[in-house]
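K.L.:
Structure incoming, see below.
There are 2 protein chains.
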Amino acid sequence: MSKLVIVGAVAFDAIETPFGKTDKILGGPATFIGLAASQFEVDSAIVSIVGGDFPNQYLDMFKNRGIDISSLEVVQNGKTFFWSGKYHNDMNTRDTLATELNVLADFNPVVPEKYKNSKVLMLGNLQPSVQSSVIEQMNKKPDLVILDTMNFWMDTALEDLKKVIRKVDVITINDEEARQLTSEYSLVIAAKKIMGMGPKYVVIKKGEHGALLFFENEIFYAPALPLKSVFDPTGAGDTFAGGFAGFLAQTEDFSFDNLKKAVIYGSALASFCVEKFGTERMLNLDKKELNDRILQFKNLTQFDLSK
Amino acid sequence: MSKLVIVGAVAFDAIETPFGKTDKILGGPATFIGLAASQFEVDSAIVSIVGGDFPNQYLDMFKNRGIDISSLEVVQNGKTFFWSGKYHNDMNTRDTLATELNVLADFNPVVPEKYKNSKVLMLGNLQPSVQSSVIEQMNKKPDLVILDTMNFWMDTALEDLKKVIRKVDVITINDEEARQLTSEYSLVIAAKKIMGMGPKYVVIKKGEHGALLFFENEIFYAPALPLKSVFDPTGAGDTFAGGFAGFLAQTEDFSFDNLKKAVIYGSALASFCVEKFGTERMLNLDKKELNDRILQFKNLTQFDLSK
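Residue numbers (the numbering used here), protein chains in the order written: chain A, 76 to 382; chain B, 76 to 382.
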């Protein structure tokens, strides 16, 4: 079974949407990435850090899904990273109400020895210098390094971000962030510029409008499934990245054609994620539901010019 | 050859974009619809009105493209409808600088006798009561009546708009207008509500994010081609509608599967329209360019799960 290393925050989230609000629930990029990737036949490890307040039941949940947590450090006298946010009525914009870094402030990721030869490395959104340190720990460069990031690092650590971007094969970024990073409005030109910074592939996430995959002069457009309601968008981007990485680790095929399929799997998993609060839907998802939804995505865009 | 009636304004536009500005150039929904439809094997007629200031060369241009203009009324002592607008830097929003109805204020469309049995009727954006009067002039209900409209009529003539919506088979509308018409944010629910108002098919145009086609419980999503630059969006929606209507009139197949293809043709034609000011690109477009772009649309979204 192919090995996949997942690096990123594991967190508590408190979420408010027009449909309701939650207390502190399980969240964080590495959590959503790990849950999405666990839908595939991969041997994955989460490299992260939590506090003594992190329930054992969550740790057991990861283990029960076959996720290695030997490098998910538990700092007994520390507190888990906490994020709180409130979504506006359109569900596309949100206000951050609280960000408490807690143990994440001193996160020094250590890749487990057994996973240092993994074929795929998924760097969830984190401080760019920390992401770089993980790449350096690998025995050799993985076949595919995928980087997720956000505008916060463009504002506060741009040089470090550019350094890590140079070392990765795929970057996943949203449309506004791609524009900010390149000062280009056209996503086609922005993607070209980002490819010039290092990555072979650029994935631009457009939320309810889908995702674009760029490679050389080619473009693949995976629409998002139009939904009757979006209950909670938290984690959708990370779930997309986890599905994308999990599918690629399982198939060990890093061609453009296979990355297209990975984008579809990522989109399909993200479409489940938003149906319930936090991780709830991802924890109750079976392979048949996923396969049915993949067919829905196929039907959504396929047309036959030959008839 | 299948007959197509096109009703709508023929206009002068003066356009300002970040890339430049124009004097009064040829524009108007019926113009863009007619030019797009003329890419197909159809016998189409434009029903509209212009003033004595409308150049004969434009009338000849329509005739040279095989478009019947016997019901394109020329009011010698009147002036042609004039619209002027300025696009913002993102090209997605614009300010209207001037709207001079002129001869359009007294437009009484008359469908030519020869076209009263047309299979397809395309009602471009116009006052809803005028759109209704055109449907009533047909000898029998056409096989397909397509309606385009805009938020202005929702604000000023909602009851008349609802009346005409009841009589049509397809409505094309943009996302914000679909939300306004139904008071629903989800486009899935909005489309359902609009289908409940009469039309069998609902097309929701999302500009750079593509177009959605709804039919019963099915959805087809045609992404827009990501472009390096959008030079002038004026007429893109009408060009979409004209390509959609022209393809359907040519093929005389009004099934969901064929409407999917019509959406792709409409999207492909719209992607040309925005490359130059006004009608410039549409006047210099050949069938090979169109067919090449249709293949680009195919490549943009197609993926193969079987391999």
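Glycine is no exception: its CB is placed at the ideal position from the N, C-alpha and C atoms.
The structure displayed is predicted, hence computed values, not measured ones.
To the nearest angstrom, how far is the alpha carbon of Tyr296(A) from that of Asn333(B)?
P.N.:
Rounded to the nearest angstrom, the two C-alpha atoms are 21 Å apart.
K.L.:
With DSSP collapsed to three states, give me the class of Glu293(B).
P.N.:
It is a strand residue.
K.L.:
Taking C-beta pairs closer than 8 Å, name the residues in chain A that Lys303(B) reaches, listed in chain order.
P.N.:
Residues of chain A passing the Cβ test: Ser261, Val263 and Ile264.
K.L.:
Touching or not, the stretch 176 to 185 of chain A and the stretch 193 to 200 of chain A, by the rule of three or more beta carbon pairs under 8 Å?
P.N.:
Output reads no: the stretch 193 to 200 of chain A does not touch the stretch 176 to 185 of chain A.
K.L.:
Using DSSP with H/G/I as helix, E/B as strand and the rest coil, what is Val305(A)?
P.N.:
Here Val305(A) sits in coil by DSSP.
K.L.:
Output needed in chain order: residues of the stretch 156 to 171 of chain A with a Cβ under 9 Å from some Cβ in chain B.
P.N.:
The residues in question are Asn164, Asp165 and Met166.
K.L.:
Considering just the uninterrupted stretch of the alpha helix (DSSP H) at Ala320(A), what are its terminal residues?
P.N.:
Per DSSP, Ala320(A) belongs to the alpha helix (DSSP H) from Ala311 to Thr326.
K.L.:
Can you name the start and end residues of the alpha helix (DSSP H) that Lys373(A) belongs to?
P.N.:
That run of the alpha helix (DSSP H) goes Lys362 to Thr376.
K.L.:
Counting only Cβ-Cβ distances shorter than 8 Å, please list the residues of the stretch 324 to 346 of chain B near chain A, keeping chain order.
P.N.:
For the stretch 324 to 346 of chain B, which is checked against every Cβ of chain A, the residues closer than 8 Å are Asp332, Lys335, Lys336 and Ile339.
K.L.:
Going by other Cβ atoms of all chains shown within 10 Å of its Cβ, with 16 needed for buried, is Thr231(A) buried or exposed?
P.N.:
It is exposed - the Cβ of Thr231(A) has fewer than 16 other Cβ atoms within 10 Å.
K.L.:
Buried or exposed, going by whether 16 or more other CB atoms sit within 10 Å of the CB of Asn152(A)?
P.N.:
With fewer than 16 Cβ atoms within 10 Å of its Cβ, Asn152(A) is classed as exposed.
K.L.:
What does a CB cutoff of less than 6 Å around Ala343(A) pick up in its chain, not counting 5 residues either side in sequence?
P.N.:
So the qualifying residues of the chain are Arg368, Ile369 and Phe372.
K.L.:
Write down the C-beta distance between Ala286(A) and Val338(A) rounded to the nearest angstrom, noting that I regard them as a contact closer than 8 Å.
P.N.:
About 6 Å; that satisfies the 8 Å criterion.
K.L.:
With respect to 8 Å, is the separation between the Cβ of Ala311(B) and the closest non-hydrogen atom of the ligand MN below this value?
P.N.:
Of ligands this structure carries none, so the ligand MN is not represented either.
K.L.:
So what does Leu219(B) bridge to, in DSSP terms?
P.N.:
According to DSSP, Leu219(B) bridges with Val195(B).
K.L.:
Who are the near neighbours of Gly103(A) in its chain, counting only those whose CB is closer than 6 Å to its CB and skipping five residues on each side?
P.N.:
Closer than 6 Å at the Cβ level, and outside the excluded window around Gly103(A), lie Ala84, Val85 and Ala86.
K.L.:
With 9 Å as the threshold, decide whether the Cβ of Leu358(A) is near any Cβ in chain B.
P.N.:
Cβ-Cβ to chain B under 9 Å: no for Leu358(A).
K.L.:
Is the number of C-beta pairs between the stretch 88 to 99 of chain B and the stretch 157 to 167 of chain B that are closer than 8 Å three or more?
P.N.:
Enough Cβ pairs lie closer than 8 Å, so yes.
K.L.:
For a contact defined as C-beta to C-beta under 8 Å, what are the partners of Lys280(B) on chain A?
P.N.:
Within chain A, no residue comes near Lys280(B); the closest Cβ sits about 13 Å away, beyond 8 Å.
K.L.:
Please state if the CB of Lys351(B) and the CB of Asp313(B) are separated by a distance shorter than 9 Å.
P.N.:
Not in contact: Asp313(B) and Lys351(B) (Cβ atoms no closer than 9 Å).
K.L.:
Is the shortest distance between the beta-carbon of Pro104(A) and the beta-carbons of chain B less than 9 Å?
P.N.:
Closer than 9 Å: no.
K.L.:
Give the DSSP bridge partners of Asp170(A), in chain order.
P.N.:
In the DSSP output, where bridge partners are listed per residue, Asp170(A) has Lys161(A).
K.L.:
Specify the secondary structure class of Gly282(A) as computed by DSSP and reduced to three states.
P.N.:
Residue state, collapsed to three classes: helix.
K.L.:
Taking only beta-carbon atoms, is Gly141(B) less than 9 Å away from chain A?
P.N.:
Cβ-Cβ to chain A under 9 Å: no for Gly141(B).
K.L.:
Which chain B residues sit within Cβ distance under 9 Å of Ile369(A)?
P.N.:
Chain B residues near Ile369(A): Leu380.
K.L.:
Taking 9 Å as the CB-CB cut-off, is Gln377(A) touching chain B?
P.N.:
Taking Cβ atoms only, chain B reaches closer than 9 Å to Gln377(A), which makes this a yes.
K.L.:
Where do the N-terminal and C-terminal ends of the alpha helix (DSSP H) with Ile269(A) fall, by residue?
P.N.:
Ile269(A) -> alpha helix (DSSP H) spans Leu262 to Gly271.
K.L.:
Quick test of the definition: if touching needs 3 or more C-beta pairs under 8 Å, does the stretch 272 to 284 of chain B touch the stretch 243 to 257 of chain B?
P.N.:
The answer is yes - the stretch 243 to 257 of chain B touches the stretch 272 to 284 of chain B, with three or more Cβ pairs under 8 Å.
K.L.:
Just list the residues that DSSP pairs Leu101(A) with in beta bridges.
P.N.:
In the DSSP output, where bridge partners are listed per residue, Leu101(A) has Phe87(A).
K.L.:
Might you give, ordered along the chain, the residues of its own chain that have their beta carbon closer than 8 Å to the beta carbon of Leu300(A), omitting 5 neighbours on each side?
P.N.:
The answer, listed in chain order, is Ser342, Ala343, Ser346, Arg368, Gln371, Phe372 and Leu375.
K.L.:
Tell me Leu288(B)'s beta-bridge partners as DSSP assigns them.
P.N.:
Leu288(B) is bridged to Val278(B) and Phe295(B).
K.L.:
For Val118(A), which residues does DSSP report across the bridge?
P.N.:
It is Asp, not Val, that sits at residue 118(A) in the sequence shown. According to DSSP, which records beta bridges pairwise, Asp118(A) is partnered with Lys78(A).
K.L.:
Quick one: measure Cβ to Cβ for Phe331(A) and Glu283(A), integer angstroms, because I've assumed they're closer than 8 Å.
P.N.:
With 8 Å as the limit, Phe331(A) and Glu283(A) do not qualify as a contact, their Cβ atoms being about 25 Å apart.
K.L.:
Skipping 5 residues on each side, what residues in its chain have a beta carbon closer than 7 Å to that of Ile124(B)?
P.N.:
The residues are Glu148, Val150, Val178, Leu179 and Phe182.
K.L.:
Rounded to whole angstroms, what's the CA-CA distance from Leu256(A) to Ser77(A)? Just pull it up for me.
P.N.:
Taking the straight line joining both Cα atoms gives about 33 Å.
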